[in-house]
Amino acid sequence: MRVVHRRPATVRCLTALTLGMLALTGCSTDDGPAAATASGTSAAPAPSPDRTAPSTTPTGTAPSGTAPSGTAPSGTAPSGTKPSGTAPSGTKPSGTGARWAGTKQFVQIDDARTADGRTYLSVRPAQKKPHPQFEAWVIVPGEGPYTEVSMTGDAQVLLSVPLGDAKHPSSYAQADFVGRLTARPSSDRALLGYDLSFDGEGRVTRVQSLYTP
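The opening position of the sequence shown corresponds to residue 155 in this note's numbering, with each subsequent residue numbered one higher.
Now the structure itself:
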């Protein structure tokens, strides 16, 4: 009987297996540090606990749309702005004849005075209507306060009865007019009426009393 020895073939198989394992072990050992380094440099940022994307806004940067500190809010009027509703300079105060400038008015005259060489009249608008029996006028008294107006130095004064001496108007000096008017009681003054003409500054340029029987 012939015996066949297989030991050399077995030894060769074991040797080849050992060399293969050594080769694999060497490759794994050489690549380890490099792989670890690459992994550390290219690692992505870890997500936040609520699984949202990590914030990339730099610390201290103001969010978009936020106005910088110290900027006045929109709609705020700049300092020094003059409020609306302010009266313009040069406006004449109320209580003068400025509202009648350049017009003719029919009025009552309650009082008259002279000061600083100028004559002043206290007047109030009234109405007039023809007398039913005579060629005269009936005075319808007005209402409200009297307004003081001044007369120009050359203002014309025409007076009829009862202030004047005749039915038809005649010319008188301003001083005579003031004296005749103030000499009459207040009850009589309320029954008298006058046509007044005003210049462009609201001063009286002409006074004419109406004939009343």
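Just so it is clear, CB atoms sit at the ideal spot from N, CA and C, and this is done for glycine as well.
Find out if the Cβ-Cβ distance for the pair M305, R272 is shorter than 8 angstroms.
-> yes
Specify the secondary structure class of V303 as computed by DSSP and reduced to three states.
-> strand
With a cut-off of 8 angstroms on the beta carbons, I'd call P299 and L312 a contact; round off their distance for me.
-> Not confirmed; about 26 angstroms, so no contact.
Taking the alpha-carbon positions, what's the S325 to S363 distance?
-> 11 angstroms
In or out: A280 buried (at least 16 other Cβ within 10 Å) or exposed?
-> buried
Should G256 and G354 be called a contact, given that it needs their Cβ atoms to be closer than 8 angstroms?
-> yes
To the nearest angstrom, how far is it from the Cα of K258 to the Cα of G347?
-> 13 angstroms
Helix, strand or coil for Q281 per DSSP?
-> strand
Alpha carbon of T366 to alpha carbon of D270, nearest angstrom = 32 angstroms
Which residues bound the alpha helix (DSSP H) around T336?
-> Q328 to T336
Count the other CB atoms, across all protein chains shown, that sit within 10 Å of the CB of R253; report buried if there are 16 or more and exposed otherwise.
-> exposed
Among L350, R360 and Q262, the one whose alpha carbon lies nearest that of P295 | Q262
Is it true that the CB of G251 sits closer than 8 angstroms to the CB of F352?
-> yes
Does the beta-carbon of A327 have 16 or more other beta-carbons within 10 angstroms, so that it is buried, or is it exposed?
-> exposed
A255, DSSP secondary structure in three states = coil
Have a look at L335 and K282 and give me their C-alpha separation to the nearest angstrom.
-> 19 angstroms
Opening and closing residue of the beta strand (DSSP E) in which S351 lies | Y348 to F352
Residue interval of the beta strand (DSSP E) (run including S314) | Where S314 is concerned, there is no enclosing beta strand (DSSP E), given that its DSSP letter is neither H nor E.
Beta strand (DSSP E) segment containing R360, residue limits = V358 to S363
Can you tell me whether A266 is buried or exposed, with buried defined as 16 or more other CB within 10 angstroms of its CB?
-> buried
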